[in-house]
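Here's the structure we're looking at; comments come further down.
Chains as they are written, first to last, in the numbering used here: chain A, 660 to 1026; chain B, 64 to 309.
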């Protein structure tokens, strides 16, 4: 349990590098105190209890090729054949089977654009153009109705593309709104400040689920007769509103960390408010809050699974639909394992990216 | 006396109940070099910070180059373009390189093309003798170098008046001279109007046209450096000088 023992690294600091013998390493890192030894033994026991069983279930006794559920069950391990059999339903939901190449390409475009945006060399005007083109392409592919593609209503959209669309748009809109709210909350103008405070506190005081319900049940009550906003769009708006409030508070934390001297330095050059914010304050403030900000993005990505409560088929829900097939019953463990793996890959990538971004943006700070 | 580039008339300012500036009257001629000294809390920093509206005065009149400082933001921005300021803690922008620090104002406020702004920035970096540091970040420079960058940054805006708020107080002793040398050079070569809050009495003797002594928010005494240091009139001035000249 090296995490418990914090002194061992400090001891080696500055000393000429020497290789510890295995026994010495064990003593300093795993058995340095009675508590540490106890924790080590406990962890080893836990690992022994879980890992072999997991490997046996998921690899050794698993079945990738069974053609019927009966055959698959007989092996006693994980039935990955179920996932292979149902992967298109899980990934694309109720989207018409013959047209599923369209959400596949749309997903590819979204992922490609997201990855592209991660490289600093694309951080310029062209990124806006690329995103605009990409989003139009995604919309055309998903809806269709042109270029000989069949029109597909968005209540048939589902699975991974839907999760990606909800979270990409969610982040893309919630982020700027959140920044503006954070600036508004620190404004000298009482009216603007009050509006921002009320908005942030109201939204943060309500669970996302209830916002989603409100957007789907209550919002139509306030709209004029005959006017109808699409269900997916309403869910998207609820997610954006929700995330923006949290982003606002996080960004405000970063703004407060900027010393007064930075504002005075910018003032003395004659920069106006928006120039100060854009050129001096926000670049520094946002850099400070990268870790919590990415935390919000990750939470948001996972929270899109809540849209199920208003009947939208995101990745989790379209997976559940795969379970309802009478001939392939009882493979929920495999299904949830698979879905969890997809979520994990995305969230872990975001986390890793944020760490590398922090490192790259470091400029040898000194205030 | 040449025409007054900056004029303060009956200026008063309070921080809450604390009366920090009391009936300040001050005319500064174009090209004049003024050193302001006084015990801490005497209001000397506040006085020069009022000139570019980093602090707001509550009564009286401050006129810079014919423009009165009021709540009108356009006036404030116009005045800030004419008035440069150097701070005790430099206040450089740590996320930008030295060159970017210098070109920021010219590009965004003066609307100069980038190439011209960079040319100007390099000229001033030569002048403060650190052109080789242009590509570094402020955090990689010594305190003295950072303060010289800060001076260059202000000069890039082509100001008519330069304010210095204790520019050497935060520096290690061995770096004070390099900054003062730059300031002396600026005074001698450019004829810049300068208001300097400092305790560097050697600098005051060498450069200043006038030394102002402040205490408890008032201007107690002002005179040419020689007269000020050799024959101070007010008792408080004498006490202050006896404390700093040892």
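Beta carbons: idealized from backbone N, C-alpha and C, even for Gly.
Query, Result
"Would you decide whether residue 743 of chain A is buried or exposed? Buried here means 16 or more other CB atoms lie within 10 Å of its CB.", "exposed"
"Give me the Cα-Cα distance between residue 962 of chain A and residue 822 of chain A, rounded to the nearest whole angstrom.", "10 angstroms"
"In the DSSP output, which residue or residues are listed as bridge partners for residue 228 of chain B?", "B:260"
"Return helix, strand or coil for residue 205 of chain B, following the three-state DSSP convention.", "coil"
"Please classify residue 710 of chain A as buried or exposed, where buried requires at least 16 neighbouring CB atoms within 10 angstroms.", "exposed"
"By a C-beta neighbour count over all protein chains shown, 10 Å radius and 16 as the cutoff for buried, is residue 877 of chain A buried or exposed?", "exposed"
"Does any CB atom of chain A fall closer than 8 angstroms to the CB of residue 138 of chain B?", "no"
"Using a Cβ-Cβ cut-off of 6 angstroms (strictly less than) and excluding sequence neighbours within five positions of residue 118 of chain B, which residues of its own chain qualify?", "109 and 112"
"Under 8 angstroms, Cβ to Cβ, is there at least one residue of chain A near residue 238 of chain B?", "no"
"In chain B, what lies closer than 7 angstroms to residue 895 of chain A by C-beta?", "Within chain B, no residue comes near residue 895 of chain A; the closest Cβ sits about 33 angstroms away, beyond 7 angstroms."
"Kindly list the residues whose CB is nearer than 7 angstroms to the CB of residue 669 of chain A, restricted to its own chain and excluding five residues on each side of it in sequence; keep chain order.", "For residue 669 of chain A, the predicted structure reports a pLDDT of 46, less than 50, and the residue's modelled location is therefore unreliable. A value from the coordinates is still provided. None."
"Look up residue 193 of chain B in the DSSP assignment and say whether it is helix, strand or coil.", "coil"
"Output the boundary residues of the beta strand (DSSP E) element that contains residue 74 of chain B.", "67-78"
"Check the Cβ-Cβ distances between residue 1025 of chain A and every residue of chain B, and say whether any is below 8 angstroms.", "Only weak support is given to the placement of residue 1025 of chain A: the predicted model assigns it a pLDDT of 41, under 50, and the question is left unresolved by the model."
"Kindly list the residues whose CB is nearer than 8 angstroms to the CB of residue 66 of chain B, restricted to its own chain and excluding five residues on each side of it in sequence; keep chain order.", "92 and 93"
"Decide if residue 298 of chain B is buried, meaning its Cβ has at least 16 other Cβ atoms within 10 Å, or exposed.", "exposed"
"Mind checking if residue 939 of chain A is an interface residue toward chain B, Cβ cutoff 8 angstroms exclusive?", "yes"
"Report the rounded CA-to-CA distance for residue 201 of chain B versus residue 919 of chain A, giving the unit in angstroms.", "17 angstroms"
"Any C-beta of chain B within less than 7 angstroms: which residues of the segment 897-921 of chain A qualify?", "920 and 921"
"Should residue 319 of chain B be flagged as near chain A, meaning a C-beta pair shorter than 8 angstroms?", "Any property of residue 319 of chain B remains undetermined from this structure, which presents chain B solely from 64 to 309."
"Take the Cβ of residue 909 of chain A as the centre, count every other Cβ of all protein chains shown within 10 Å, and call the residue buried at 16 or more, exposed below.", "buried"
"Quick one: is residue 845 of chain A near chain B, going by C-beta distance under 8 angstroms?", "no"
"Under 8 angstroms, Cβ to Cβ, is there at least one residue of chain B near residue 879 of chain A?", "no"
"Excluding the 5 residues preceding and the 5 following residue 166 of chain B in the sequence, name in chain order all residues of the same chain whose CB lies nearer than 6 angstroms to its CB.", "180, 181 and 184"
"Using CA coordinates, which residue listed in A:1020, A:707, A:940 and A:758 is at the minimum distance from residue 802 of chain A?", "A:758"
"Report yes or no: do the segment 820-838 of chain A and the segment 950-960 of chain A share at least 3 C-beta pairs separated by less than 8 angstroms?", "yes"
"Of all the residues that make up the segment 924-935 of chain A, which are near chain B by a beta-carbon distance shorter than 7 angstroms?", "924, 926, 927, 928, 929, 930, 931 and 934"
"Per DSSP, which residues does residue 286 of chain B bridge with? Please list them.", "B:274"
"Taking all protein chains shown into account, decide if residue 826 of chain A is buried (16 or more other Cβ within 10 angstroms of its Cβ) or exposed.", "buried"
"In the DSSP assignment, find the unbroken alpha helix (DSSP H) run with residue 857 of chain A in it and report its ends.", "849-863"
"Can you tell which of B:221, B:236 and B:186 has its C-alpha closest to the C-alpha of residue 206 of chain B?", "B:236"
"For residue 82 of chain B, which of helix, strand or coil comes out of DSSP?", "strand"
"Leaving out five residues before and five after residue 295 of chain B in sequence, what residues of the same chain have Cβ atoms less than 7 angstroms from its Cβ?", "284, 301 and 304"
"From A:1005, A:1009 and A:906, pick the residue whose C-alpha is nearest to that of residue 1032 of chain A; which is it?", "Since the first residue shown for chain A is 660 and the last is 1026, residue 1032 of chain A is missing from the structure and cannot be characterised."
"Along chain A, which residues have their Cβ under 8 angstroms away from the Cβ of residue 117 of chain B?", "923, 926 and 927"
"Using a Cβ-Cβ cut-off of 6 angstroms (strictly less than) and excluding sequence neighbours within five positions of residue 90 of chain B, which residues of its own chain qualify?", "67 and 70"
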